[in-house]
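Structure record follows, encoded as structure tokens.
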Amino acid sequence: MRFRALLALGAAVVVVGYVVVLLRPTDPDLPQVLVEPGFLMLAALVLLADLYPLVPSMRDVRSKVTYSWSAALSLAAVLAFGPVAAVLFLLSGCTAALSRGRARWWLVALNTVAMGLIGLTMAALSRFADTFDPLMPPGAWPLACWGLLMGALVVGMAAGMTGWAQFELGVHEWRAQRAWFNKSVRIWGVSLIAAPLLASLALYGWWALPSMAVVIISLNRLSSTMYRSTAASRTDPLTGLANRLRLTRVLSGRIADLGPGEEVALLLVDLDGFKQVNDTHGHLVGDQVLGTVAARLQAAAGPVDLVARYGGDEFAIVLAPGLTTERIGRAAQEYRDALAEPIVVGDLTIRIGGSVGIATTADPATDVLGLLAKADLDMYRMKRDHGRRVERRGQGRVEPAAPDIETAAAAPAAAPPVRPPMWSVSVQGGASAPVDGWPGVRWSSSSGGVALAPGQRARTAV
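Here the UniProt record's numbering is used: position 107 in the sequence shown is 107, and no number is missing along the way.
If you want it as structure tokens, here you go:
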């Protein structure tokens with residue numbers, strides 16, 4: 001509720017602010033700016049940087065990369081053409097969010113409001129900087145100094161507003177946002193440093209700006225390739241969940257970031273009777289079961305929970321920090337419930353459950369492997385308790401912990417066991433003789449066999 005109220009207040013400030021900026025007399029005003037070739041080229045480059053992820057091969061381009069270039073280009077427009085050019089910030093916030101396809105409404109609104117507020121701040125500073133005088137020679141120190149100062153403010157405001165929003169939504173704590181700030185500076189800073197140069201080009205060499213399209217496309221492709229490689233090294237290829245490498249890194253980081261009175265909770269889920277699924281119906285069916293289980297666990301996860309495939313039919317979940325003991329137990333039950341519904345694979349209906357082990361720590365010096373071992377022991381304790389409950393329900397008859405599998409058609413009756421063939425060994429003449437039914441094979445008592453009398457027959461199973 002508080003987040004929505006503050007987001008609505010920010011939207012109102014953006015609307016009022018841009019009305020004032022556009023209606024206030026300036027030189028140049030908006031109609032004059034809209035016919036400037038340099039401004040039009042910068043606007044086209046902003047749209048290219050923000051909408052490029054709509055290309056199918058570039059859908060995994062990170063938003064930080066697109067925003068960094070659109071922010072630099074928008075800042076260059078303000079430096080070159082004055083406060084009215086700040087409308088590019090507002091345009092960038094809207095188009096970059098919409099280009100993500102299925103973006104939630106609040107994410108579109110948040111990005112638009114954040115970039116709009118940044119644009120209003122840059123518009124206000126540009127009045128003091130007076131960097132948009134066309135008579136100023138290219139490369140003058142006011143343009144460079146004000147460009148660097150305003151670029152630093154863009155980075156700070158973007159990181160601050162993003163961190164506040166994620167903190168309000170419970171996605172990250174401020175400690176995590178501080179860790180991400182250095183990465184934002186590296187990504188945004190490189191492009192924002194180029195803003196004064198881009199402003200000079202817009203004023204005095206707008207015909208050279210199309211070359212920036214090659215730079216933007218090349219860097220987006222590089223970002224996409226690096227992201228795919230990084231994601232592949234941290235992702236389980238079968239389920240799409242985090243793999244053990246990412247699990248240990250995230251768990252280690254959350255343990256190290258523990259504050260006073262906080263705990264890190266780890267859940268370890270082991271499927272009951274999954275081996276029987278593989279043995280009965282093959283590994284392809286088992287892989288589909290694992291994929292369905294992974295999707296259900298991910299759907300039950302909170303916004304900060306990390307769901308990972310630990311190995312085989314075991315999954316690990318790192319819960320959000322700061323949960324109470326009651327909330328941890330409730331989360332474990334929610335993950336159990338996620339596995340209660342039957343899984344349909346072709347004409348099979350498989351009911352498979354899971355045992356959940358819980359381990360917590362409040363010590364920042366806790367070893368990650370030790371916490372995983374603790375959760376593993378608790379998980380096997382749950383399995384033993386489940387076996388005892390099954391035994392009591394069966395009145396002394398222990399039932400195997402196996403999934404309930406139904407098929408659309410009755411399975412054929414099992415064939416009777418086949419007895420192995422028996423072969424006769426005949427020794428004639430003492431030490432060596434041919435084996436009946438095996439041409440070219442002879443028995444030799446001197447090579448470790450059992451010496452038999454001449455004519456004696458021995459039966460052996462093959």
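The C-beta atom is built at its ideal place from N, Cα and C for all residues, glycine as well. Quantities reported herein were computed from a predicted structural model and do not represent experimental measurements.
The beta-bridge partner set that DSSP reports for G354 consists of L271. Under the three-state reduction of DSSP, R24 is assigned to coil, being neither helix nor strand. V264 carries a strand assignment under DSSP once its states are collapsed to helix, strand and coil. The shortest C-alpha to C-alpha distance from G116 to any of L75, L198, V14, R221 is the one to V14. If you draw a straight line from the Cα of M161 to the Cα of N243, it is about 31 Å long. Under the 10 Å beta carbon count, G370 is surrounded by fewer than 16 other beta carbons and is classified as exposed. The bridge partners DSSP lists for R244 come to none. In the three-state reduction of the DSSP assignment, V345 falls in the strand class. It is roughly 19 Å from the alpha-carbon of R309 to the alpha-carbon of K383. Residue nearest to Q288 within the set A256, T112, G240, A316 is G240 (criterion: CA-CA distance).
The residues L306, V318, in chain order, have a CB closer than 7 Å to that of V250 in the same chain once the five nearest residues on each side in sequence are set aside. Assignment of G311 by DSSP, reduced to helix, strand and coil, places it in the strand class. The residue from A8, N220, A340 with its alpha-carbon nearest to that of D272 is A340. DSSP places L238 outside both helix and strand once states are collapsed to three, so it counts as coil.
7 Å or more divides the Cβ of I118 from the Cβ of V78.
Using a 10 angstroms sphere on the CB of M212, the tally of other CB atoms reaches 16 or more, which defines it as buried.
For G354, the closest of L54, P31, V269 by C-alpha to C-alpha distance is V269.
Annotation: the continuous alpha helix (DSSP H) that includes G291 extends over 283 to 300. At a Cβ-Cβ threshold of 7 Å, S70 and A49 count as neighbours.
Taking 7 Å as the cut-off, the Cβ atoms of L192 and A72 count as close.
In its chain, beyond the 5 residues on either side, L73, M212 have a beta carbon closer than 6 Å to the beta carbon of L45.
Linking V20 to M150 through their CA atoms gives a straight-line distance of about 21 Å. Going by beta carbons, K374 and A362 fall outside the 7 Å limit.
Here V344 is not near A320, since their CB atoms are 7 Å or more apart.
The C-beta separation of A202 from A80 comes to about 4 Å, placing the pair in contact by the 8 Å criterion. In this structure, DSSP gives L306 an extended state, which the three-state scheme calls strand. Secondary structure of T360 (DSSP, three-state): strand.
Shown here, V318 sits in a strand according to DSSP, grouped into three states.
Note on geometry: alpha-carbon atoms of L51 and L107 lie some 16 Å from one another. In this structure, the straight-line span from the alpha carbon of R24 to that of L40 is close to 22 Å. Around the Cβ of S126, a 10 Å sphere holds 16 or more other Cβ atoms; the residue is buried. Here the alpha carbon of V277 sits roughly 8 Å from the alpha carbon of H283.
In terms of Cα proximity to G312, the closest of I328, F274, Y18 is F274. With contacts defined as CB atoms closer than 7 Å, A338 and A300 qualify as a contacting pair. L51: member of the alpha helix (DSSP H) spanning 37 to 51, first to last residue.
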